[in-house]
Amino acid sequence: MTQEQAHRDHHGHGHHHGPCHHHGTDNERRLLWAMVLTGGFMVAEVAGGLVTGSLALLADAGHMLTDSASLALAWVAARLTHRPANARKTYGYHRVQVLAAFVNGLALLVIVAWILFEAVRRLWAPTEVAGTGMLAVAIAGLVVNLGVFWLLHSGDRGNINIRGALLHVLGDLLGSVAAIAAAVVIMVTGWMPIDPLLSLLAAALIARSAWKITTQSAHILLEGAPAHIDSEQLIEDIPHALSDIESVHHVHIWSLTPERVMVTLHAVIHDGVDQDQSILAIRAYLKKRFDADHVTVQIERQAYCLEQTDIDHEADHGHAHLS
106 MTQEQAHRDH
116 HGHGHHHGPC
126 HHHGTDNERR
136 LLWAMVLTGG
146 FMVAEVAGGL
156 VTGSLALLAD
166 AGHMLTDSAS
176 LALAWVAARL
186 THRPANARKT
196 YGYHRVQVLA
206 AFVNGLALLV
216 IVAWILFEAV
226 RRLWAPTEVA
236 GTGMLAVAIA
246 GLVVNLGVFW
256 LLHSGDRGNI
266 NIRGALLHVL
276 GDLLGSVAAI
286 AAAVVIMVTG
296 WMPIDPLLSL
306 LAAALIARSA
316 WKITTQSAHI
326 LLEGAPAHID
336 SEQLIEDIPH
346 ALSDIESVHH
356 VHIWSLTPER
366 VMVTLHAVIH
376 DGVDQDQSIL
386 AIRAYLKKRF
396 DADHVTVQIE
406 RQAYCLEQTD
416 IDHEADHGHA
426 HLS
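Here our numbering is used: the sequence shown runs in plain steps of one and ends on residue 428.
Listed below in structure tokens is the structure:
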């Protein structure tokens, strides 16, 4: 097998989608319905919060907005992964979800700032809240969230988008329970500060999700290495794991998306070792250990490295004299 054939073989296998089209279509449908239900009730909850004067409902609506955005991203990602790469977009459209996540994260942090400002203002000057109307809207929200949770829970839980969406919906369930609790306290005791206090809890949930989304997406957009891979350790591990490899250098690791790890490196192999087999061995090792989606390897011989070192040394020496 030639190096070019190995390269073609790698790409042929690396972008194969497998016999899971039915599961993919079902996941897309479930994510779409979850997004429509969550987003639709989020609008209703905003209206209910404005009518009843409840900041807790508005804060919970903000949390549902984060989840609607997450569900939308998951759905868009599921759709775009079917689009092939082209001459203009050689990596396809996978980065769209990362860019959208970054923008959404920044927008959500602005929403958190508004909730915090409004909550502090209401703690100093409590606003009258219609407890009965607030309770009705909160109970309706709980019912919708339970329906969305069932919709996703009965889907393909082996899918990372479905699992992530389930976690967000659990947060919505907690927000609805908090809003119900606030409404009951207001109806029974008339203590209005409970509304802004529980809105602060919802704001904390939004801030945690928004900060995580923003920092993770920014790290990916800046071509940062995935958290589970240590490039310095990788340089030491490959020669120990693969006896044909003398050393590894010029290692670059980044992510196309959180699930798609990309690696480029230079590998020095021992004299007499087949370079194509070395390439395949390195790719297999990185795929097994880190699930690296795309690996580019440049092979170098020991003699080449020694010659290149001499050239670099002479160039540095000449530069020193010129200086």
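Glycine is no exception: its CB is placed at the ideal position from the N, C-alpha and C atoms.
This one's a predicted model, so the numbers in the text were calculated from it and none came from an experiment.
Straight-line gap, residue i to residue j (C-alpha atoms, nearest Å)
i: Ser175; j: Tyr198; result: 17 Å
i: Leu136; j: Ala161; result: 26 Å
i: Leu279; j: Leu214; result: 20 Å
i: Leu228; j: Ala149; result: 25 Å
i: Ala332; j: His324; result: 10 Å
i: His126; j: Glu328; result: Since pLDDT at His126 reaches only 48, below the 50 mark, its modelled position is unreliable, and no value is offered.
i: Asp114; j: Ser383; result: Legend: pLDDT at Asp114 = 44, less than 50; position of this residue unreliable, value from coordinates given subsequently. Cα to Cα, the separation comes out at about 15 Å.
i: His375; j: Gln403; result: 14 Å
i: Phe395; j: Ala330; result: 12 Å
i: Arg193; j: Trp180; result: 24 Å
i: His273; j: Val356; result: 36 Å
i: Asp379; j: Ser352; result: 15 Å
i: Leu326; j: Asp398; result: 17 Å
i: Gln202; j: Leu178; result: 6 Å
i: Phe222; j: Val249; result: 29 Å
Candidates the options: closest to residue i by CA position
i: Ala206; options: Leu391, Lys392, Thr362, Gln380; result: Thr362
i: Trp138; options: Asp379, Leu303, Gly295, Val253; result: Val253
i: Glu341; options: Val373, Ile318, Arg313; result: Val373
i: Pro430; options: Ile384, Met297, Asp398, Asp131; result: This structure cannot settle anything about residue 430, because the visible part of the chain is limited to 106 through 428.
i: Arg388; options: Tyr196, Leu347, Ala190, Leu305; result: Leu347
i: Thr143; options: Ala315, Leu211, Leu271; result: Leu271
i: Val225; options: Leu256, His355, Leu303, Leu370; result: Leu303
i: Ala245; options: Asp379, Gly153, Arg313; result: Gly153
i: Leu211; options: Ala315, Ser173, Ala287; result: Ala315
Beta-carbon gap between residue i and residue j smaller than 8 Å
i: Ile350; j: Ser336; result: no
i: Gly158; j: Val217; result: no
i: His168; j: Asp300; result: no
i: Ile285; j: Thr171; result: no
i: Val368; j: Leu385; result: no
i: Ile343; j: Asn209; result: no
i: Ala183; j: Asn132; result: yes
Cβ-heavy atom distance, residue i to the ligand MG, below 7 Å
i: Ala312; result: The model on display carries no ligand, and the ligand MG is accordingly not part of it.
**OP:** Note down, one range per segment and in chain order, each alpha helix (DSSP H) of at least 4 residues found wholly within the region 226 to 261.
**Re:** 236 to 258
Original post:
In the region 342 to 401, which residue ranges form an unbroken alpha helix (DSSP H) of at least 4 residues, counting only runs that do not cross its ends?
Top reply: 380 to 395
Subject >> Ordered list of alpha helix (DSSP H) runs contained in the region 133 to 194, each at least 4 residues >> reply: 160 to 185
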